[in-house]
Amino acid sequence: LIARATQDRWHQRKPFKEIALLEGISTCKRSLYRAFEKEGYFRCIATEKPLNAPEQREARLKWAYSHLEWTPEMWAAVIWTDEASIRIEGGQIFVTRSVEEKYDIDCCVPKFRGYSSWMIHGSISHGYKGPLVVFEKDWSTELGYKTKTINGDVYRTYMS
Numbered sequence: 001l002i003a004r005a006t007q008d009r010w011h012q013r014k015p016f017k018e019i020a021l022l023e024g025i026s027t028c029k030r031s032l033y034r035a036f037e038k039e040g041y042f043r044c045i046a047t048e049k050p051l052n053a054p055e056q057r058e059a060r061l062k063w064a065y066s067h068l069e070w071t072p073e074m075w076a077a078v079i080w081t082d083e084a085s086i087r088i089e090g091g092q093i094f095v096t097r098s099v100e101e102k103y104d105i106d107c108c109v110p111k112f113r114g115y116s117s118w119m120i121h122g123s124i125s126h127g128y129k130g131p132l133v134v135f136e137k138d139w140s141t142e143l144g145y146k147t148k149t150i151n152g153d154v155y156r157t158y159m160s
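Note that the sequence shown ends on residue 160 in full-length UniProt numbering; no numbers are left out.
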């Protein structure tokens with residue numbers, strides 16, 4: 001059962017009961033959950049993460065290697081920023097996986113900005129946390145935001 005349930009992305013998204021039926025096994029849901037759990041496999045919500053192209057992954061790895069020799073003082077001068085989207089519609093996707101497979105590409109679902117209704121932007125630097133800025137999506141504008149995008153001057157104002 002485990003080999004079938006984990007053989008590819010399509011099968012990992014199938015409930016235990018459907019996998020059992022594909023194998024010609026008829027048993028209760030609870031027995032299936034116990035059998036999978038005994039082998040270290042669970043039904044988990046798929047990890048939501050952006051899917052980066054191989055070129056993007058290679059560029060990030062190259063960047064990381066090029067900064068291995070940075071001193072703590074050099075890193076202290078960096079402002080780290082990130083954004084997250086909040087998706088209002090849609091449901092959760094479950095996959096069959098072990099704990100170690102949480103970030104395996106077949107156990108993740110892509111996160112697309114086009115599905116979000118809100119964007120949240122934040123920043124941190126050495127000894128400082130920036131504000132959390134929320135943008136409401138507006139698909140009728142070219143930029144896609146009801147509020148303006150943060151430019152350098154506005155960002156420095158938020159950081160001060």
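Think of the CB as a built atom: it goes at the ideal place given N, C-alpha and C, for glycine as much as any other residue. Note that this is a predicted model, so its numbers are computed, not measured.
In this structure Arg43 touches Phe94 by the C-beta definition: roughly 5 Å separates them, less than 8 Å. Residue range 118 to 125 is occupied by the beta strand (DSSP E) that includes Trp118.
In the three-state reduction of the DSSP assignment, Ile105 falls in the helix class. Cβ contact annotation for Leu22 (same chain, cutoff 7 Å, sequence separation greater than five): Arg4, in chain order. Under DSSP, the beta-bridge partners assigned to Val133 are His121.
Put simply, the backbone Cα of Ile120 is about 45 Å away from that of Thr27. Of the candidates Ala46, Gly24, Lys17, the residue whose Cα lies closest to the Cα of Gly91 is Ala46. With a 10 Å radius around the Cβ and a threshold of 16 neighbouring Cβ atoms, Gln56 comes out exposed. Using a C-beta cut-off of 8 Å, the stretch 73 to 84 makes contact with the stretch 120 to 131, since at least three inter-stretch Cβ pairs fall below that distance. Per DSSP, the unbroken alpha helix (DSSP H) holding Arg30 starts and ends at 29 to 38. Here Glu39 is exposed: its Cβ has fewer than 16 other Cβ atoms, across all protein chains shown, within 10 Å.
Counting other Cβ atoms within 10 Å of its Cβ, Ala76 stays below 16 and is therefore classed as exposed. Per DSSP, the unbroken beta strand (DSSP E) holding Glu48 starts and ends at 47 to 49.
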